[in-house]
Amino acid sequence: MEKIASFTIDHLKLQPGVYVSRKDTVGAEVITTFDLRMTSPNEEPVMNTAEMHTIEHLAATFLRNHPQFGEKTIYFGPMGCRTGFYLLLAGDYSSEDIVPLMIQMYEFIRDYKDEVPGASAKDCGNYLDMNLPMANYLAKKYLEQVLYQINHSRLIYPQ
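When the letters of the sequence shown are read in order and numbered with the numbering used here, they come out as residues 88 to 246.
The following block contains the structure:
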């Protein structure tokens, strides 16, 4: 069996950043999958599920309500390895195209202090597994260590 594309990336060289993971064509539409890598694989501890779950709820709410990208948002969710998230957008985008959107989204998560949207038994199948303070902290860390000074090496997968 062939390796899938995400298993061909050298995770020993991969650092936190915003990467185009793949582009697929569905009908006439291009779907761009982004790898939002928040921790350094196999070097840093992975994120815990509670803060990842909180980030997922906040990011999905932010994206689906965004005036420009709301209707283009296909999916936002965690990576199984717990080192980041996948974002799927309808359209043919580069990593550079979404950096301003990611800054807005992670600032929203960093600054969010209210009840987490969808964090109720009626709305979520695991609503008690949330950690807003850690989600705020991780968003702040990603902004300060990656997004605010992002450069080419954090926008293109390492060779």
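Backbone N, C-alpha and C define an ideal beta-carbon position, used for all residues, glycine too. In this text, all values refer to a predicted model and were calculated from it rather than measured experimentally.
- Measure the CB-CB distance between Met-189 and Leu-123 and report whether it falls below 8 angstroms. yes
- Compare the C-alpha of Arg-197 against each of Gly-164, Glu-138, Tyr-224, Tyr-180 and name the closest. Tyr-224
- With DSSP as the reference, label Ile-118 as helix, strand or coil. strand
- Buried versus exposed, by CB contacts within 10 Å (16 or more), Pro-187: exposed
- Query: DSSP three-state call for Thr-112: helix, strand or coil?
  - Reply: strand
- Task: Return helix, strand or coil for Ala-177, following the three-state DSSP convention.
- Result: strand
- Item | Neighbourhood of Gly-164 by C-beta distance below 7 angstroms, restricted to the same chain and skipping five residues each side | Glu-143, Phe-172, Tyr-173
- Query: Which full runs of the beta strand (DSSP E) of 3+ residues lie inside the stretch 160-223, going along the chain?
  - Reply: 160-165, 171-177
- Query: Relative to the alpha-carbon of Leu-176, which residue among Pro-154, Thr-120, Asn-213 has its alpha-carbon at the smallest distance?
  - Reply: Thr-120
- Message: Suppose contacts are defined by Cβ-Cβ distances below 8 angstroms. Is Gly-157 in contact with Arg-241 by that definition?
- Response: no
- First and last residue of the alpha helix (DSSP H) that includes Thr-148? 136-151
- Item | Expected contact under 8 angstroms - CB spacing of Ser-168 and Pro-128 to nearest Å | Looking at the sequence shown, residue 168 is not Ser but Cys. At roughly 7 angstroms, the Cβ-Cβ gap stays under 8 angstroms, so Cys-168 and Pro-128 are in contact.
- Please name the residue in Ala-146, Leu-101, His-140 whose C-alpha comes closest to that of Ser-207. His-140
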